[in-house]
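Participant: Same order as they appear, the protein sequences are chains A and B. Sequential numbering from 1 applies to the first sequence in the working numbering. Sequential numbering from 315 applies to the second sequence in the working numbering. Glycine is no exception: its CB is placed at the ideal position from the N, C-alpha and C atoms.
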Amino acid sequence: MAVLVVADHSGGTLADGTARTITAALELDATVDVLVAGEHAQSVAEQAAALNGVNRVRICEDAAYAHQLAEPMATLILSIIDEYSAVMAPGSTQGRDVLPRVAAVLDVAQLSEITRVIDKNTFERPIYAGNVMATVACDESTQVITVRTTAFEPAASGQSALIEAVPAPETPVAARFVEESVVRSERPELGSAKVVISGGRGVGSAEGFKLLEKVADELNAAIGASRAAVDAGYVPNDYQVGQTGKAVAPDLYIAVGISGAIQHWAGMKDSKVVVAINRDEDCPMIQTADYALVADLFDALPELEEGLAQLKAQ
Amino acid sequence: MKILVTVKRAVDYTVRVRPLTDGSGVDIANAKMSMNPFDEIALEQAVQLKEAGVADEIVAVSIGNSGSQDVLRSALAFGADRALLVQTDAVLEPVAVSRILAKITADEAPQLVLMGKQAIDDDASQTPQMLAARMGWAQGTFACGLTMGDAEVTVVREVDGGTQTLALPLPAVVSVDLRLNEPRYLKLPDIMKAKRKPLEVQPLEEMGVDVGTKTRITHYAEPPERKPGVRVQSVSELIDRLVNEAKVL
Ligand SMILES: Cc1cc2nc3c(=O)[nH]c(=O)nc-3n(C[C@H](O)[C@H](O)[C@H](O)COP(=O)(O)OP(=O)(O)OC[C@H]3O[C@@H](n4cnc5c(N)ncnc54)[C@H](O)[C@@H]3O)c2cc1C
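Here it is as structure tokens:
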């Protein structure tokens, strides 16, 4: 049987996490369908159909899916689930919201945020803030799985799979959308950026984050933050990297004024190269980073910006 | 209005958990245990709703071994009116927990179930959504804001990209995120008072709920270890090493 991948999208763009989830799905089964639900979802469906390895895209366009809320989304997935042996979604706030409802109705255990497909019934996932990797055997009648997208490469695009409409089932008791406040940034997405520079409590203010932004401009980097920096209101909530924020795995992660708590490491420990800039030489971030600079960040950041600008000019 | 709050006893967030050397489990026999931090936030929210005169009864529920009585006592000290422990030594999958909670929720008939958005041990982030689905209720996950109305609860959710506000018809399930509130410190008089509040213990076997699943953890391993790092003396040395050694610039 086939695997159904539930697409994540917003503002008419298919999320990069979906392309990564397709890679994970193809490791499980050769036949991978993608479900795209939205009020106007044709262009997103076309983006999904272009991803190599996709068998077909199933599109459901209805006002009920305008915000892809969990209740109607789960009902829609359940209306076609009999055709699939597994359903997968990115471990985004969207996938995490929806899939457990599907699993509960099927009365099967769900696997959250897998990092590896070992074989058809065996997966790996992090537990205890990533300090332990669990091998999980799943013999459920339908496998319900969210994917730690940073652990899989995105599927390339170039093909053009069939797009078929799915009828919208009747909507269940559901939440009513009131409003959203979405911060659209010109910078690369945290989850897929090659370079991430994150600031912590040490950065001290929203003003302080401007110093990080200047360095980020030189590196075409995404900006992240620790929980402390978000709690203090220096940056918006979706900058948070960590056990309970976003997981990132860039080639280069620069932690500025972040002490390196377990919960923060959980979100960035798969980065290839970690740089710490901190004035406390005993803090875990300095102790564990690949390159540690013990310095005051307010001195180091302008120097870094200048050095990078010179490098670019060469 | 009655609020049900779920609390889980979990390894304290300051503990760095390691797998047992034979990979058969995790080494937590002597670890400090606490209430899952997200559940404290759920409790705090419930107590604030009671203090505001919106809620009149708070019931705290935990599923776990006899040690979970401690977290239920804390819940009572926070301000829960009574507590229920479904006692079992088994480690349950979230789907099994949701079966038990659905039974309790049907019996207690609360207007609102407040839960932590995830437990910091299994990091699953599933149980609230599963409970909502079983009850056929709406859900508001990852809440950083909550306002009770007459027939609806309005929830501000932290989502990728920003925040989203939803209105949920009651009864509903809300899972809470870190920035909803800051849980209060427990005071001695409250801890003393909690000792006299009712705490019912019910063995899981007597509930008639099947907690089996076809999913199990077969091995626990250390994550890949990082190489020891180097100390750089200056920003220019840092840039030089990133270019020539790490080759990431
Ligand atoms: C349930 C739970 C979930 C959590 N989830 C997350 C999560 O997802 N992500 C997360 O990040 N945290 C999370 N946390 C919080 C975590 O435990 C830490 O409290 C947090 O990461 C600390 O943030 P910080 O490093 O910015 O602040 P601090 O620990 O206060 O560190 C600030 C650092 O800045 C340095 N500094 C200060 N001034 C300067 C200067 N001028 N120059 C250079 N260095 C300077 C200091 O030396 C210090 O090391 C969670 C906690 C709990 C309980």
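Any idea which residues DSSP pairs A:D119 with across the strands?
Facilitator: For the purposes of this step, residue 119 of chain A is taken as the residue at position 119 of the first sequence. In DSSP, A:D119 forms a bridge with A:T122.
Participant: Taking buried to mean at least 16 other C-beta atoms within 10 Å of its own C-beta, is A:H40 buried or exposed?
Facilitator: For the purposes of this step, residue 40 of chain A is taken as residue 40 along the first sequence, with counting starting at 1. For A:H40, the number of other beta carbons within 10 angstroms of its own is below 16, and it is reported as exposed.
Participant: Mapping the DSSP letters down to three states, classify B:V544 as helix, strand or coil.
Facilitator: Within the second sequence, numbered from 1, the residue matching residue 544 of chain B stands at position 230. Of the three classes helix, strand and coil, the one that applies to B:V544 here is strand, per DSSP.
Participant: Of all Cβ atoms in chain A, is any one closer than 8 Å to the Cβ of B:Y327?
Facilitator: Translated into positions along the second sequence, residue 327 of chain B becomes position 13. Yes, because at least one Cβ of chain A sits closer than 8 Å to the Cβ of B:Y327.
Participant: Quick one: does A:A247 have its CB under 8 Å from some CB of chain B?
Facilitator: Here residue 247 of chain A refers to the residue found at position 247 of the first sequence. For A:A247, the answer is no, since every Cβ of chain B falls outside 8 Å of its Cβ.
Participant: Excluding the 5 residues preceding and the 5 following A:R101 in the sequence, name in chain order all residues of the same chain whose CB lies nearer than 6 Å to its CB.
Facilitator: By 1-based counting over the first sequence, the position of residue 101 of chain A is 101. Scanning its chain for C-beta atoms nearer than 6 Å, with the 5 sequence neighbours on each side dropped, one finds around A:R101 the residues A70 and A74, in chain order.
Participant: Between which two residues does the alpha helix (DSSP H) holding A:M73 run?
Facilitator: By one-based count along the first sequence, residue 73 of chain A stands at place 73. First-last of the alpha helix (DSSP H) with A:M73: A70 to I80.
Participant: Quick one: does A:Y291 have its CB under 8 Å from some CB of chain C?
Facilitator: In the displayed structure, chain C is absent; the protein chains listed are A and B.
Participant: Kindly list the residues whose CB is nearer than 6 Å to the CB of A:A103, restricted to its own chain and excluding five residues on each side of it in sequence; keep chain order.
Facilitator: Numbered from its first residue, the first sequence carries residue 103 of chain A at position 103. Within the same chain, A:A103 has close Cβ partners Q110 and V144.
Participant: Is A:A74 close to chain B? Criterion is C-beta to C-beta, closer than 8 Å.
Facilitator: Locating residue 74 of chain A in the first sequence gives position 74, counting from the first residue. For A:A74, the nearest beta carbon of chain B is closer than 8 Å to its own beta carbon.
Participant: What does the alpha-carbon distance come out to for the pair B:D436 and A:Q314?
Facilitator: Counting from 1 along the second sequence, the entry for residue 436 of chain B is found at position 122. Counting from 1 along the first sequence, the entry for residue 314 of chain A is found at position 314. Distance between the alpha carbons of B:D436 and A:Q314 is about 49 Å.
Participant: To which residues does DSSP link A:C84 through a beta bridge?
Facilitator: Taking the first residue of the first sequence as position 1, residue 84 of chain A is located at position 84. Before going on, a small fix: residue 84 of chain A reads as Tyr here, not Cys. A:A2.
Participant: Could you tell me whether any non-hydrogen atom of ligand 1 is closer than 7 Å to the CB of A:Q263?
Facilitator: On the first sequence, position 263 is the one that residue 263 of chain A refers to. Answer for A:Q263: yes, Cβ within range of ligand 1.
Participant: Just to make sure I have the definition right: I need the residues of chain A whose C-beta is within less than 8 Å of the C-beta of B:E472. Which are they?
Facilitator: What you label residue 472 of chain B is simply residue 158 of the second sequence in a count that begins at 1. Simply T93, N237 and D238.
Participant: To the nearest angstrom, how far is the alpha carbon of B:S388 from that of B:A343?
Facilitator: As a first step, residue 388 of chain B is located in the second sequence; it is residue number 74 there, counting from the start. As a first step, residue 343 of chain B is located in the second sequence; it is residue number 29 there, counting from the start. For B:S388 and B:A343, the distance between alpha carbons rounds to 21 Å.
Participant: Distance check for A:Q159 and B:P408, CA to CA, integer angstroms please.
Facilitator: Taking the first residue of the second sequence as 1, we reach residue 408 of chain B at position 94. Taking the first residue of the first sequence as 1, we reach residue 159 of chain A at position 159. When rounded, the distance between both Cα atoms is 39 Å.
Participant: Can you find a CB in chain B that lies within less than 8 Å of the CB of A:T288?
Facilitator: Position 288 of the first sequence, counting from 1, holds the residue named residue 288 of chain A. True, the Cβ-Cβ gap to chain B drops below 8 Å.
Participant: Contact between the stretch 336–356 of chain B and the stretch 293–303 of chain A: three or more CB pairs below 8 Å?
Facilitator: In short, these stretches do not touch, since the Cβ pair count stays below three.
Participant: Just to make sure I have the definition right: I need the residues of chain B whose C-beta is within less than 9 Å of the C-beta of A:M133. Which are they?
Facilitator: As a first step, residue 133 of chain A is located in the first sequence; it is residue number 133 there, counting from the start. Within 9 Å Cβ-Cβ: P333, H533, Y534, A535, E536, P537 and P538.
Participant: Please return the same chain residues whose Cβ sits closer than 7 Å to the Cβ of B:V557, not counting the five positions on each side in sequence.
Facilitator: As a first step, residue 557 of chain B must be located in the second sequence, where it is residue number 243. Excluding positions up to five away in sequence, the list reads L563.
Participant: So is B:T455 in contact with chain A if we call contact Cβ pairs under 8 Å?
Facilitator: If you number the second sequence from 1, residue 455 of chain B lands on position 141. In terms of beta-carbon proximity, B:T455 lines the interface with chain A, with at least one pair separated by less than 8 Å.
Participant: A:G199 by DSSP, collapsed to three states: which one?
Facilitator: By 1-based counting over the first sequence, the position of residue 199 of chain A is 199. Strand at A:G199.
Participant: Would A:D97 count as contacting chain B if we go by Cβ distances under 8 Å?
Facilitator: Start at 1 with the first residue of the first sequence, and residue 97 of chain A comes out as number 97. True, the Cβ-Cβ gap to chain B drops below 8 Å.
Participant: Relative to the C-alpha of B:S348, which residue among B:I505, B:I434, B:R510 and B:A446 is closest?
Facilitator: Residue 348 of chain B sits at position 34 when you count from the first residue of the second sequence. Of B:I505, B:I434, B:R510 and B:A446, the residue nearest in Cα terms is B:I434.
Participant: If I follow the unbroken beta strand (DSSP E) through B:Q443, where does it start and stop?
Facilitator: Numbered from 1 along the second sequence, position 129 holds the residue referred to as residue 443 of chain B. Where B:Q443 is concerned, there is no enclosing beta strand (DSSP E), although the alpha helix (DSSP H) it sits in stretches over T441 to M449.
Participant: Please tell me whether A:G200 and A:A228 are closer than 8 Å, where the distance is taken between their beta carbons.
Facilitator: Position 200 of the first sequence, counting from 1, holds the residue named residue 200 of chain A. Position 228 of the first sequence, counting from 1, holds the residue named residue 228 of chain A. It is a contact, given that the beta carbons lie within the stated cut-off.
Participant: When the Cα atoms are used, what is the spatial distance from A:A37 to A:A276?
Facilitator: Walking along the first sequence from the start, residue 37 of chain A turns up at place 37. Walking along the first sequence from the start, residue 276 of chain A turns up at place 276. If you take the alpha carbons of A:A37 and A:A276, they lie about 42 Å apart.
Participant: Using DSSP with H/G/I as helix, E/B as strand and the rest coil, what is A:T31?
Facilitator: The count along the first sequence starts at 1 and reaches residue 31 of chain A at position 31. In the structure shown, A:T31 sits in coil (DSSP, three-state: anything other than H, G, I, E or B).
Participant: A:H264 by DSSP, collapsed to three states: which one?
Facilitator: Position 264 of the first sequence, counting from 1, holds the residue named residue 264 of chain A. In the structure shown, A:H264 sits in a helix (DSSP, three-state: H, G or I).
Participant: So is B:D353 in contact with chain A if we call contact Cβ pairs under 8 Å?
Facilitator: For the purposes of this step, residue 353 of chain B is taken as the residue at position 39 of the second sequence. No, B:D353 lies away from the interface with chain A (no Cβ there is under 8 Å from its Cβ).
Participant: Assuming A:Q42 is part of the alpha helix (DSSP H), what are its boundary residues?
Facilitator: Against the first sequence, residue 42 of chain A aligns to sequence position 42. Here the alpha helix (DSSP H) through A:Q42 covers Q42 to A49.
Participant: Closer than 8 Å, Cβ to any Cβ of chain B: which residues of the stretch 240–270 of chain A, in chain order?
Facilitator: Within the stretch 240–270 of chain A, the qualifying residues are Q243, T244, K246, D251, L252, I262, Q263 and K269.
Participant: Tell me A:N278's beta-bridge partners as DSSP assigns them.
Facilitator: As a working note, residue 278 of chain A is residue 278 in the first sequence. For A:N278, which the question treats as bridged, DSSP gives the partners A:V294.
Participant: Using only the heavy atoms of ligand 1, determine whether one of them is closer than 7 Å to the beta carbon of A:T244.
Facilitator: Start at 1 with the first residue of the first sequence, and residue 244 of chain A comes out as number 244. Flag set: Cβ of A:T244 near ligand 1.
Participant: Determine, using beta carbons only, whether B:M444 comes closer than 8 Å to chain A.
Facilitator: Here residue 444 of chain B refers to the residue found at position 130 of the second sequence. Chain A contact via Cβ: present.
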